[in-house]
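Visitor: Sending over a structure as structure tokens; questions will come in a sec.
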Amino acid sequence: ETLTHFPVSVFLPHSSSRRCRFCSEHFDFVRMVRVSVLNDALKCMYNAEKRGKRQVMIRPSSKVIIKFLIVMQKHGYIGEFEYVDDHRSGKIVVELNGRLNKCGVISPRFDVGVKEIEPWTARLLPSRQFGYIVLTTSAGIMDHEEARRKNVGGKVLGFFY
6 ETLTHFPVSV
16 FLPHSSSRRC
26 RFCSEHFDFV
36 RMVRVSVLND
46 ALKCMYNAEK
56 RGKRQVMIRP
66 SSKVIIKFLI
76 VMQKHGYIGE
86 FEYVDDHRSG
96 KIVVELNGRL
106 NKCGVISPRF
116 DVGVKEIEPW
126 TARLLPSRQF
136 GYIVLTTSAG
146 IMDHEEARRK
156 NVGGKVLGFF
166 Y
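Right under this line is the structure:
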């Protein structure tokens, strides 16, 4: 009795060209849109660090994420990490050491010359003594201090402190 005032096609999935209200395939908000793989990875690490976790699994993996993690590991902000090949996009298991306070991605990836690195560090980092901005340069992915030593500019990927 209660269903008589609704059109029949609404209750029958895929019976007409109209959108089905019950099928998740037609809901745009059900699927999460992945904007940046690097952003998802850094957010995952930051959230796990805040919760006091000792390790975190990042998926999917990418070369940029691995290079970013190498820079973080070089400065002691994370421990060891391991790439796990799952015959798909891969996973990375990262050991956290409790030193990471904040990390993030800068989007869009702004071009930064060698002379412009200093204003970016002042804007993004809490202090000159600690924290790093990660740049992608023609010489590879590196922190802002190494880029200044090598006298190369590039695009800002993100930061951590």
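What the sequence shown shows, in this note's numbering, is residues 6 to 166, in sequence order. All C-beta atoms, glycine included, are put in the ideal place defined by N, C-alpha and C.
Let me check one thing: in DSSP terms, what residues is K160 bridge-paired to?
Guide: Bridge partners of K160: D116 and T141.
Visitor: For D33, which residues of its own chain have a beta-carbon under 6 Å away from its beta-carbon, when the five flanking residues on both sides are left out?
Guide: Only weak support exists for where D33 lies, its pLDDT of 47 falling under 50; the value from the coordinates is given anyway. The answer is none, since no qualifying residue turns up.
Visitor: Distance, Cα to Cα, D148 vs V76?
Guide: About 7 Å.
Visitor: Would you kindly report the start and end of the unbroken alpha helix (DSSP H) that includes K96?
Guide: Looking at the DSSP string, K96 is not in any alpha helix (DSSP H); the run it does join, the beta strand (DSSP E), is K96 to L101.
Visitor: Would you mind working out which of K55, Q78 and Y166 sits nearest A127, comparing C-alpha positions?
Guide: A127 has its Cα closest to that of Y166, out of K55, Q78 and Y166.
Visitor: Can you tell me whether M50 is buried or exposed, with buried defined as 16 or more other CB within 10 angstroms of its CB?
Guide: Under this definition M50 is a buried residue.
Visitor: Pairs of beta-carbons, one from the stretch 112 to 125 and one from the stretch 66 to 74, closer than 8 Å: are there three or more?
Guide: Flag = no, the stretch 112 to 125 and the stretch 66 to 74 do not touch.
Visitor: Counting C-beta neighbours from all protein chains within 10 Å, is the total for V161 16 or more, i.e. buried, or is it exposed?
Guide: Buried: at least 16 other Cβ atoms inside 10 Å.
Visitor: Following the continuous beta strand (DSSP E) through V89, name the residue where it begins and the one where it ends.
Guide: Start and end: I83 to V89.
Visitor: Which residue or residues does DSSP assign as beta-bridge partners of D148?
Guide: Per DSSP, V139.
Visitor: For E87, I'd like the list of residues in its chain whose CB is within less than 6 Å of its CB, leaving aside the five on either flank, ordered along the chain.
Guide: So the qualifying residues of the chain are V98.
Visitor: Quick check: what's the CA-CA separation for S67 versus S41?
Guide: Approximately 11 Å between the Cα atoms of the pair.
Visitor: Looking at L129 and E54, is the spacing between their C-beta atoms short of 7 Å?
Guide: Their beta carbons are not under 7 Å apart, which means E54 does not touch L129 by this criterion.
Visitor: Reducing DSSP to helix, strand and coil, say where V76 ends up.
Guide: In this structure, V76 counts as helix in the three-state DSSP scheme.
Visitor: On the CB-based measure, 16 or more other CB atoms within 10 Å of its CB, does F135 come out buried or exposed?
Guide: The residue in question, F135, is exposed, as its Cβ has fewer than 16 Cβ neighbours within 10 Å.
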